[in-house]
Amino acid sequence: MCQTVPTHLDQYFQLACDTTIEGLRKGTGGPFGATLVRNGEVICAVGNTVLEQTDISGHAEMVAVRQGCKTRHPGSVRLCDVRHL
1 MCQTVPTHLD
11 QYFQLACDTT
21 IEGLRKGTGG
31 PFGATLVRNG
41 EVICAVGNTV
51 LEQTDISGHA
61 EMVAVRQGCK
71 TRHPGSVRLC
81 DVRHL
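Reminder that position 7 of the sequence shown reads as 7 in the UniProt record's numbering, one-by-one numbering, no gaps.
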């Protein structure tokens with residue numbers, strides 16, 4: 001777990017932090033992560049993929065929405081919350 005996240009932040013933010021650290025270690029993106037949540041269920045937790053995909057639109061929030069659309073009906077993603085850093 002990421003040790004720099006203040007204890008008052010929620011578990012979804014923690015997942016975003018963890019994926020950020022993982023992405024930094026793998027060299028796939030910058031220090032950004034996001035967790036897509038709907039009704040308390042984690043749809044996905046992803047990191048920035050700008051470096052891995054050589055795509056400037058690979059921001060963690062965008063990656064989360066794209067992945068969410070692949071695993072859920074695209075219309076349902078609009079009802080999700082995004083925790084990001």
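Note that beta-carbon positions come from the ideal geometry of N, C-alpha and C, so glycine has one too. Quantities reported herein were computed from a predicted structural model and do not represent experimental measurements.
Nearest candidate by alpha-carbon position, reference residue i, set the options
i     : options                       : result
Ala16 : Glu52, Gly27, Asp55 and Val63 : Val63
Gly33 : Val42, Glu22 and Asp55        : Glu22
Gly29 : Asn48, Gln14 and Ala60        : Asn48
Residue environment, residue i, which counts as buried when at least 16 other CB atoms sit within 10 Å
i     : result
Cys39 : Looking at the sequence shown, residue 39 is not Cys but Asn. Exposed, because fewer than 16 other Cβ atoms sit within 10 Å of the Cβ of Asn39.
Arg25 : exposed
Gly27 : exposed
Residues bridged to residue i [DSSP beta-bridge criterion]
i     : result
Asp81 : Val37
8 Å CB neighbourhood of residue i in its chain, flanking five on each side removed
i     : result
Arg78 : none
Val37 : Tyr12, Ile43, Cys80, Asp81, Val82 and Arg83
Residues near residue i by beta carbon distance below 7 Å, same chain, minus five either side
i     : result
Pro74 : none
**Request:** Could you tell me which uninterrupted alpha helix (DSSP H) segments, each at least 4 residues in length, are contained entirely in the UniProt domain "CMP/dCMP-type deaminase" (10–72), listed from first to last along the chain?
**Result:** Fully enclosed alpha helix (DSSP H) runs of 4 or longer: 11–26, 50–53 and 60–71.
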